[in-house]
Amino acid sequence: MNPNFLQTPIAYLKGVGPNRADTLKSELGIETYRDLLHLFPNRYLDRTSYYKINQLQPSGADVQIVGKIIHLKTVEQKRGKRLVASFVDETGQMELVWFRSHKWIRENLKLNEPYVVFGRVSKYGSTFSMPHPEMELLRNHEQGLKIAMQPIYPSTEKLSAKGITNRVVSKMVQQLILESKGNFPEPLSRPILEELKLIPKAEALFNIHFPKNQELLAKAQFRLKFEELFFVQLQLISKKILRKQKIKGMPFGEVGEHFTEFFENHLPFDLTNAQKRVIKEIRNDLGSNAQMNRLLQGDVGSGKTIVALMCMLLAIDNGFQACLMAPTEILATQHYNGLKELLQPMDLKIALLTGSTKKSERTLLHNQLENGNLNILVGTHALLEDKVQFKNLGLAIVDEQHRFGVAQRSKLWHKNNTPPHILVMTATPIPRTLAMSLYGDLDISVIDELPPGRKPIKTVHRFDGNRLKVFRFIKDEIAKGRQIYIVYPLIQESEAMDYKDLMDGYESIVRDFPQPEYQISIVHGKMKPADKDYEMERFLKGETHIMIATTVIEVGVNVPNASVMIIESAERFGLSQLHQLRGRVGRGAEQSFCILMTGNKLSEDAKTRLQTMVGTNDGFEIAEVDLKLRGPGDLMGTQQSGMLNLKIADIVKDNQILKIARYHAIQLLKNDPRLEKEENAPILRAYSKMIANKTIWNYIS
Ligand code: ADP
Ligand code: MG
Numbered sequence: 000m001n002p003n004f005l006q007t008p009i010a011y012l013k014g015v016g017p018n019r020a021d022t023l024k025s026e027l028g029i030e031t032y033r034d035l036l037h038l039f040p041n042r043y044l045d046r047t048s049y050y051k052i053n054q055l056q057p058s059g060a061d062v063q064i065v066g067k068i069i070h071l072k073t074v075e076q077k078r079g080k081r082l083v084a085s086f087v088d089e090t091g092q093m094e095l096v097w098f099r100s101h102k103w104i105r106e107n108l109k110l111n112e113p114y115v116v117f118g119r120v121s122k123y124g125s126t127f128s129m130p131h132p133e134m135e136l137l138r139n140h141e142q143g144l145k146i147a148m149q150p151i152y153p154s155t156e157k158l159s160a161k162g163i164t165n166r167v168v169s170k171m172v173q174q175l176i177l178e179s180k181g182n183f184p185e186p187l188s189r190p191i192l193e194e195l196k197l198i199p200k201a202e203a204l205f206n207i208h209f210p211k212n213q214e215l216l217a218k219a220q221f222r223l224k225f226e227e228l229f230f231v232q233l234q235l236i237s238k239k240i241l242r243k244q245k246i247k248g249m250p251f252g253e254v255g256e257h258f259t260e261f262f263e264n265h266l267p268f269d270l271t272n273a274q275k276r277v278i279k280e281i282r283n284d285l286g287s288n289a290q291m292n293r294l295l296q297g298d299v300g301s302g303k304t305i306v307a308l309m310c311m312l313l314a315i316d317n318g319f320q321a322c323l324m325a326p327t328e329i330l331a332t333q334h335y336n337g338l339k340e341l342l343q344p345m346d347l348k349i350a351l352l353t354g355s356t357k358k359s360e361r362t363l364l365h366n367q368l369e370n371g372n373l374n375i376l377v378g379t380h381a382l383l384e385d386k387v388q389f390k391n392l393g394l395a396i397v398d399e400q401h402r403f404g405v406a407q408r409s410k411l412w413h414k415n416n417t418p419p420h421i422l423v424m425t426a427t428p429i430p431r432t433l434a435m436s437l438y439g440d441l442d443i444s445v446i447d448e449l450p451p452g453r454k455p456i457k458t459v460h461r462f463d464g465n466r467l468k469v470f471r472f473i474k475d476e477i478a479k480g481r482q483i484y485i486v487y488p489l490i491q492e493s494e495a496m497d498y499k500d501l502m503d504g505y506e507s508i509v510r511d512f513p514q515p516e517y518q519i520s521i522v523h524g525k526m527k528p529a530d531k532d533y534e535m536e537r538f539l540k541g542e543t544h545i546m547i548a549t550t551v552i553e554v555g556v557n558v559p560n561a562s563v564m565i566i567e568s569a570e571r572f573g574l575s576q577l578h579q580l581r582g583r584v585g586r587g588a589e590q591s592f593c594i595l596m597t598g599n600k601l602s603e604d605a606k607t608r609l610q611t612m613v614g615t616n617d618g619f620e621i622a623e624v625d626l627k628l629r630g631p632g633d634l635m636g637t638q639q640s641g642m643l644n645l646k647i648a649d650i651v652k653d654n655q656i657l658k659i660a661r662y663h664a665i666q667l668l669k670n671d672p673r674l675e676k677e678e679n680a681p682i683l684r685a686y687s688k689m690i691a692n693k694t695i696w697n698y699i700s
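Sequence positions in the sequence shown follow numbering that gives the first Met the number 0 and run 0 to 700.
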């Protein structure tokens, strides 16, 4: 076969042509033979079994029946005519019905000849009926290419409107497979094929489109999913190995005076065991010769900040600078203030850089960074600007990483000649399965323990109708000296509406919580940063009782005295967002509450989300449910969904296969790191081609 066969533009395939090619491209992103071959059916109609009429169930399923038409009649109705055929087999009688194309059908149908009919049955009175069945004479059916199970391909309205029906797509794929003569190169090695009893590539491709039976379909699916996940894992793992071998990190051999002094004299609390363990893991990395690239997962409130600080001290003790990057100005400022306070008794220089840092200050900062007078720089993505140059950046910490794109993370690599050690902290727990796929090239540490003395947050769901009761509750809590968050959704598509909701909400709160008894802050994205800071500051100092906000306060903000989180229109939030928001309370010693307010109309998914929130405080458990409800793409935010360009495997459902694929990728690289063995030649060939064609997702550039 021509080695570039699969690269052929789809327009050249018999039965496609330029017009259909355009539609295929715009609707399904299909440009080449390869794309079409990898357009996998969503589902299959099982045409391997035949039903008898007396076995039919009013289930609405598609079934296949062999029988004869014994009678045809046209029935007049108010809304037009319909054609009704009496269809019988040896067990009974049913009806086939057409509402259109009567003439053509009447002229072409043969009475008293065995047909195979296929379609959805429903029951009217005591009679089963099948509207617009697919029909084929039994003898043709038996002769023709036996497509035992019919593939159902992804489709769009526009595709059907342009005549590219499921049947047409299926024909195209058939044509493609015919032209290929089944010559699909095998990208897996013999030992792997044998060990896992995988069917050959060509057979898998044929059976994924036109399965001969359920068993072969299952084998085809397994084989193709395995292959897809195997190559992704191969890429991730080889990147990790390469990084560890090639990129010399800056060894932080010393545990020096700052670290020790802080640990012995200034730690405000005892570290939890999880914090200790994680610091040890990080120290091991930093002390080795390799560059650290580590993901630190820890639920909201688990105390990641202190871990970050201690790592920064390690960097400083070894003569390096450190930086901490946060996704919002509020958060960066809060980190800066918190760290400054912790470091106060020590002789270290720390500064803040955000979008609103004044020019004069900025110039000063740049100088101090470059001549090494500054030890720690905290900031927003303003840190990533090229103008920001360090004398010797040794450690870069990224907080709440799901807000940053991968590209931004990789920018940090280039801040130095030698890439700094990188610690990515996230409070959105990522299920292990997903972490393995998304961050397979990172090492992972987990803080799986909350600081002692925390009372679990009590979460309830209340309908809008109970608002007065909720208000009374708020007043009681304020009387006890507590502070309250009230959060409104802000979704981009309906921004104007959402702002209206927020402002209406604000006004109604102001009415129900009159000054001067109650002081209220409001913070949202349209405010000037200085105003936002001012309001945040007031709330932080306890000068206001209620903080009304959009999700800008979602991440990181720490006000231990705030004990109630009210989430308005909670049904509109995703699970991980709800969990993040809830994490703003429960930070002090008092009992905290989270109240999810909703209207009465709730979708099934929304109910599941609310129930999950009420049922558990465990971020990992919530992340698992979230993943199931939304799929990995959404979970990570649209920014990163493109990274998981999987055609057939589903990292949630195919978790088991993922593990097998990962295991085999690891084994392979262990036994043959450069894929030099003869038996691994097919893998090397396929892998190189994927990298060259960028068909495998490009992780960190
Ligand atoms: P997150 O992991 O969400 O960033 P933080 O680092 O903001 O959590 O910590 C949350 C709160 O818990 C802070 O007020 C912090 O001072 C406190 N904290 C952190 N570690 C401990 C600990 N070991 N013992 C007691 N309090 C702690
Ligand atoms: Mg934090």
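Quick reminder that beta carbons are idealized off the backbone N, C-alpha and C, glycines included.
The model shown is predicted, which means the values in this text are computed figures rather than measured ones.
Leaving out five residues on either side along the sequence, give the residues of the same chain with a beta carbon under 8 Å from the beta carbon of residue i.
i	result
Asn697	Any reading at Asn697 is ruled out, since the residue's pLDDT is 39, under 50, leaving its predicted position unreliable.
Gly504	Ile485, Tyr487, Ile547, Glu567
Ser687	none
Asn111	Lys67, Ile68, Ile69
Asn41	Ile151, Tyr152, Pro153
Asp88	Lys51, Ile52, Ile64, Val65, Gly66, Lys67
Asp497	Tyr487, Pro488, Leu489, Ile490, Thr549
Thr22	Lys157, Leu158, Lys161, Ile163
Following the continuous beta strand (DSSP E) through residue i, name the residue where it begins and the one where it ends.
i	result
Glu135	133 to 136
Gly79	79 to 88
Ile236	It is not in any beta strand (DSSP E) - Ile236 instead sits in the alpha helix (DSSP H) that spans 213 to 245.
His460	457 to 462
His365	First-last for His365: 358 to 369, but that is the alpha helix (DSSP H), not the beta strand (DSSP E).
His70	61 to 76
Tyr484	482 to 486
Val423	420 to 425
Val397	392 to 398
Give every residue of the same chain whose Cβ lies closer than 7 Å to the Cβ of residue i, excluding the five residues on either side of it in the sequence, and list them in chain order.
i	result
Ala588	Gly452
Leu645	Glu227
Asp475	none
Thr611	Leu574, Ile621, Val624
Ile104	Leu82, Trp97
Glu534	Ser520, Ile521, Val522
Whose C-beta lies closer than 6 Å to the C-beta of residue i among residues of the same chain, with five residues either side of it excluded?
i	result
Leu44	Asp61, Gln149
Leu144	Note that Leu144 scores a pLDDT of 49, beneath 50, so its modelled location is shaky and nothing firm can be said.
Lys454	Gln590
Phe319	Asn391, Gly393
Asp398	Ala325, Met424
Asp511	Phe470
Thr271	Glu448, Pro450
Ala201	Gly181, Phe183
Met635	Low confidence applies here, because Met635 scores a pLDDT of 43, under 50, leaving its location unreliable and the question unanswered by this model.
Leu95	Ala84, Phe86, Met129, Pro132
Asn1	none
Arg33	Leu5
Considering just the uninterrupted stretch of the alpha helix (DSSP H) at residue i, what are its terminal residues?
i	result
Ala495	494 to 511
Leu667	654 to 670
Gln576	574 to 581
Thr379	First-last for Thr379: undefined, no H or E at that position.
Arg119	It is not in any alpha helix (DSSP H) - Arg119 instead sits in the beta strand (DSSP E) that spans 113 to 119.
Met764	Given that the chain is displayed from residue 0 to residue 700, the structure contains no residue 764 and the question cannot be resolved.
Thr607	603 to 614
Gln174	165 to 179
Ile429	No alpha helix (DSSP H) contains Ile429, which DSSP labels as neither H nor E.
Ile647	Note, Ile647: premise wrong, no alpha helix (DSSP H); not H, not E.
Ile473	466 to 478
Please give me, in chain order, every unbroken run of the beta strand (DSSP E) with length at least 3 that falls completely inside the segment 258 to 317. 292 to 297
Is the segment 326 to 334 close to the segment 521 to 532, with three or more CB pairs under 8 Å? yes
Residue ranges of each alpha helix (DSSP H) within the segment 2 to 41, 4 or longer: 16 to 27, 32 to 36
Inspect the CB distances between the segment 456 to 465 and the segment 275 to 289 and report whether three or more fall short of 8 Å. no
Does the segment 329 to 347 come close enough to the segment 288 to 308 that 3 or more CB-CB pairs lie under 8 Å? yes
Please give me, in chain order, every unbroken run of the beta strand (DSSP E) with length at least 3 that falls completely inside the segment 316 to 345. 320 to 324
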